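Take a look at the structure set out below.
In the numbering used here, the protein residues as written are 654 to 745.
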């Protein structure tokens, strides 16, 4: 099996999984399961399809950006918590 066949087979499995999730979302909608859960599932399908069309390099860029924002937010939060503890210690 060469690389072309491998990726073709992988892509076909990916498409069949996406069809399965579409059918699952329609089944949920027909059975009256929570509309919020349905739209969260639809959003997940849309994001994964968009990433599939854009390529994994775009996914890595977005993942790194989210990680950097999370890290910055975490450190800002820790500084705020530290200042809060200092204020609380000063009151007692």
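Glycine included, each C-beta is placed from N, C-alpha and C at the ideal position.
Model, not experiment: these values are computed from the prediction.
Residue i, DSSP secondary structure in three states
i           : result
residue 736 : helix
residue 676 : helix
Integer Cβ distance of residue i from residue j, believed to fall under 8 Å
i           : j           : result
residue 698 : residue 671 : 7 Å
Beta-carbon proximity of residue i to residue j, cut-off 9 Å
i           : j           : result
residue 674 : residue 692 : no
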